[in-house]
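Here's the structure, in structure tokens; my notes come after.
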Amino acid sequence: MSDNNSTIIAVRDVHKWYGHFHALKGINMEVSKGEVIVIFGPSGSGKSTFIRTINRLEEHQRGEIVVDGIELTHDVRNIETIRTETGMVFQQFNLFPHLTVMQNITLAPIQVRNWSKSQAEETALQLLKRVGIPEQAHKFPGQLSGGQQQRVAIARALAMQPKIMLFDEPTSALDPEMIREVLDVMVELAQSGMTMLVVTHEMGFARAVANRMFFFDQGQIVESGSPEDIFKAPKEERTKLFLSQILSH
Amino acid sequence: MQNSETILPPITERSGPLRWLRHNLFNTWGDALLTVASASLIYWLVKSLLIWAISTAEWDVIVANLRLFLIGQFPLEQVGRLWIALAFLVFLTGNSLAIWDRNSRLAAILILGLPVFLLFLPFAPQTRVWLGVLAATGILGWGLGYTAPQSLKRGVAVGWLIALPVFVLLTHGFTPAVEDVPGTALTVVPTNLWGGLLLTFLLTVVANIFSFPLGLLLALGRRSELSIIRWFSIGYIELVRGVPLITILFMAQLMLPLFVPGGIDIDRVLRAMVGMTLFSAAYLAENVRGGLQAIPKGQFEAAYALGLSGAKTMYFIILPQALRLIIPILVGQFISMFKDTALVAIVGLFDLLGIARTVLSQPEFIGLHREVYAFVSLFYWGLSYAMSYISQRLETSLGLGVR
Ligand SMILES: Nc1ncnc2c1ncn2[C@@H]1O[C@H](COP(=O)(O)OP(=O)(O)OP(=O)(O)O)[C@@H](O)[C@H]1O
Ligand SMILES: [Mg+2]
């Protein structure tokens with residue numbers, strides 16, 4: 001794969017240390033517009049660390065990350081631009097508990113994109129319809145179920161009209177009966193052509209919409225390929241072992 | 001589905017005064033002994049106190065000096081201004097109660113009924129007229145707020161915002177006093193005539209209000225990435241917290257003049273206000289820091305991930321949550337500042353305690369320490385208790401703790 005104008009994320013030889021601990025050991029990845037990438041691997045393998053370097057919630061120490069043509073450096077303006085183009089959904093939702101659902105969604109468009117309040121609210125309402133909870137607009141996050149909160153979080157990220165969506169284990173904190181409703185929203189989003197990087201162990205989701213999958217272990221990409229390749233014919237022993245573990249239950 | 005016969009009734013303890021006594025006070029022999037011992041101690045204490053309060057104590061000293069205790073040497077012909085300032089506050093209180101706490105009539109009745117109650121005490125006729133005015137404005141404010149809560153909200157907020165400047169302006173006046181010319185309604189009353197509760201109140205409010213932004217900046221400065229700002233904040237906070245308030249008050253009196261260009265004389269009351277503000281800010285900064293630390297990292301990350309700048313993240317996401325968390329602590333600090341103002345008596349100001357000392361130095365009241373200090377203590381206690389009661393109401397109505 002080479003740089004071409006359909007590449008939206010380019011990661012080259014990225015290293016990251018926490019003190020002396022080498023958390024990312026030379027990660028390379030190119031993502032094209034509209035691709036859905038699933039990242040999986042054992043706990044502590046660096047999946048979160050990696051996905052968080054892409055919007056600079058973690059700083060990498062070596063290598064190069066280019067997002068939508070902008071290189072991530074110490075330049076604060078670059079960082080803020082990339083963050084406005086990138087939406088992120090967290091395992092713990094991280095909604096703002098003191099703001100209503102509507103305010104959660106409209107805050108950034110108003111403050112960062114300088115939209116008018118009415119424009120932002122109109123968009124927010126459309127997004128809430130899209131994720132299936134328009135009637136919750138005036139509640140506070142604490143009054144919603146986990147699945148509803150995560151859908152609000154998705155709507156909040158989408159409100160900035162990002163080009164890329166990052167998901168870090170979006171369903172891991174949810175009760176089983178709520179996982180479905182969040183995955184449905186994500187599948188719909190994938191089908192609409194959004195570029196997505198998703199850390200998840202929901203293999204059904206991967207099989208349905210992933211274009212490529214990356215297996216992380218000990219800070220490295222051990223194996224990558226289409227879901228077809230990964231599920232039917234994994235090349236590496238570690239991948240096989242891990243898949244057999246998570247698919248067995 | 002529901003079979004009423006299989007549903008057990010909730011277990012209710014049988015109750016009654018005797019049962020309660022048995023259960024709570026005489027459960028075991030040890031309990032019984034403790035109960036009897038402490039009951040006799042309390043009885044003996046209260047009895048001695050009451051005997052003193054009713055038969056021996058000469059409360060005339062309080063009655064004769066009540067005005068001094070309340071407003072110090074504030075000139076009698078200018079007192080109307082203070083009443084008007086007070087009426088403004090009572091009006092706003094009535095308004096706010098009706099708007100934000102409309103379901104609890106009890107608080108309204110208690111707070112607005114106070115002037116009416118005082119009306120029946122044997123005050124001078126003029127005082128009673130003013131108390132009537134207070135009651136009327138309070139009830140008027142409450143009524144207005146009750147009928148049009150939505151449209152008044154903004155106005156009331158602005159009212160509170162300008163309340164302190166209005167109060168200070170009315171207390172201070174504008175037109176300079178000229179000798180031999182009778183003062184007008186707004187002649188300046190120099191601060192050395194301010195005293196008693198009036199001064200205590202102003203010191204408390206000014207120190208707390210001004211220390212708030214200062215403390216906030218220090219708390220943020222302590223987390224700043226610029227090391228010079230961070231070190232300055234830490235240095236300031238630790239320095240001030242390591243020094244007793246009384247020394248800061250002395251330094252404010254003696255050293256503040258060193259920092260201002262010659263010739264300008266800073267008012268002694270102002271010096272005390274500055275000292276208390278600087279002192280309070282350091283503690284406030286630490287309290288705010290505690291609140292900031294309680295906010296999970298995920299809140300910052302979610303805000304940053306949306307592209308919000310560091311400043312906007314602080315302003316819209318972190319501070320509102322952190323401050324809400326520490327409201328009870330801030331109220332506690334307010335109340336302790338209120339009590340700490342008593343220290344200004346030592347640097348020669350005539351706050352509530354300072355007045356107590358001057359009263360006691362008058363020949364005709366010599367030796368009445370017990371009465372005077374008992375009264376002053378009761379006064380402090382009553383006001384502190386009222387503030388803490390109001391703050392608890394505020395917390396419940398803000399839904400704190402019900403996340
Ligand atoms: N702030 C930090 N300081 C020090 N070490 C860290 C920090 N964050 C992560 N690590 C370490 O880096 C490694 C990778 O962590 P990371 O959170 O990326 O793993 P992960 O693959 O997301 O795991 P999980 O599936 O448990 O979320 C782990 O060994 C972790 O202990
Ligand atoms: Mg993780």
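Quick note, the sequences are listed as chains A and B, same order.
Once you know that position 147 of the first sequence is 147 in this note's numbering, the rest is easy, because the numbers rise by one and skip nothing.
Once you know that position 136 of the second sequence is 136 in this note's numbering, the rest is easy, because the numbers rise by one and skip nothing.
Backbone N, C-alpha and C fix where the C-beta goes; we use that ideal spot for every residue, glycine too.
If you're wondering where the values come from, they're calculated on a predicted model, not measured in any experiment.
Three-state class that DSSP yields for residue i in the structure shown
| i | result |
| --- | --- |
| A:HIS98 | coil |
| A:VAL112 | coil |
| A:GLY26 | strand |
| B:ARG102 | coil |
| B:PHE174 | coil |
| A:PHE90 | coil |
| B:ASN3 | Bear in mind that the predicted position of B:ASN3 carries a pLDDT of just 49, short of 50, making it unreliable; the figure below should be weighed with that in mind. Here B:ASN3 sits in coil by DSSP. |
| B:PHE69 | helix |
| A:LYS235 | coil |
| B:GLU58 | coil |
| B:GLU301 | helix |
| A:GLU80 | helix |
| A:GLU135 | helix |
Neighbour flag for residue i against chain A, beta carbons, 8 Å
| i | result |
| --- | --- |
| B:ALA39 | no |
| B:GLN299 | yes |
| B:TYR304 | yes |
| B:GLY401 | Because the pLDDT of B:GLY401 is 43, which lies under 50, any placement of that residue in the model is unreliable, and the number read from its coordinates should be weighed accordingly. Taking Cβ atoms only, chain A never reaches closer than 8 Å to B:GLY401, which makes this a no. |
Continuous alpha helix (DSSP H) stretch holding residue i: start and end
| i | result |
| --- | --- |
| A:THR123 | 117-130 |
| B:GLY215 | 196-222 |
| A:LEU197 | Not the alpha helix (DSSP H): A:LEU197 falls in the beta strand (DSSP E), residues 195-199. |
| B:ASN24 | 17-24 |
| B:ALA356 | 352-361 |
| B:GLN126 | 125-147 |
| B:GLY367 | Careful: B:GLY367 lies outside any alpha helix (DSSP H) and carries neither H nor E. |
| B:TRP52 | Element bounds for B:TRP52: n/a, residue is neither H nor E. |
| A:GLU176 | Reading the sequence as shown, one finds Pro at residue 176 of chain A and not Glu. A:PRO176 -> alpha helix (DSSP H) spans 176-191. |
| B:GLN321 | 319-325 |
| A:THR53 | 47-53 |
| A:MET160 | No alpha helix (DSSP H) holds A:MET160; DSSP gives it neither H nor E. |
| B:GLY235 | 227-241 |
Contact test: residue i Cβ vs ligand 2 heavy atom, cutoff 7 Å
| i | result |
| --- | --- |
| B:GLU301 | no |
| A:LYS16 | no |
| A:SER224 | no |
| B:SER336 | no |
| B:SER38 | no |
| B:LYS297 | no |
| A:LYS47 | yes |
Proximity test, residue i beta-carbon vs ligand 1 heavy atom, cut-off 7 Å
| i | result |
| --- | --- |
| A:GLU169 | yes |
| B:TYR380 | no |
| A:THR239 | no |
| A:GLY26 | no |
| A:PHE216 | yes |
| A:ALA338 | No answer is possible for residue 338 of chain A: the residues shown for chain A start at 1 and end at 249. |
| B:SER104 | no |
| B:SER224 | no |
| B:GLY215 | no |
Cutoff 8 Å: residue i Cβ touching any chain B Cβ
| i | result |
| --- | --- |
| A:ASN114 | no |
| A:PHE50 | no |
| A:HIS138 | no |
| A:ALA10 | no |
| A:PHE96 | yes |
| A:THR84 | yes |
| A:ALA173 | no |
| A:GLU169 | no |
| A:ASN78 | no |
| A:LEU57 | yes |
| A:ALA155 | no |
| A:GLN148 | no |
| A:ALA124 | no |
Boundaries of the beta strand (DSSP E) in which residue i is found, first to last residue
| i | result |
| --- | --- |
| B:TYR283 | Where B:TYR283 is concerned, there is no enclosing beta strand (DSSP E), although the alpha helix (DSSP H) it sits in stretches over 268-293. |
| A:ILE164 | 164-168 |
Counterpart residues of residue i in DSSP-defined beta bridges
| i | result |
| --- | --- |
| A:ALA10 | A:GLU30, A:VAL66 |
| A:MET213 | A:VAL38, A:GLY225 |
| A:LYS16 | A:LEU24 |
| B:THR187 | B:THR175 |
| A:GLN220 | A:ASP217 |
| A:GLU59 | The partner list for A:GLU59 (beta bridge, DSSP) is empty, contrary to what the question assumes. |
| A:GLU71 | A:VAL66 |
Query raised in the report: Going along the segment 307-324 of chain B in order, which residues come within less than 8 Å of chain E, judged by CB to CB distance?
Result: Of the protein chains in the structure, A and B, none is chain E.
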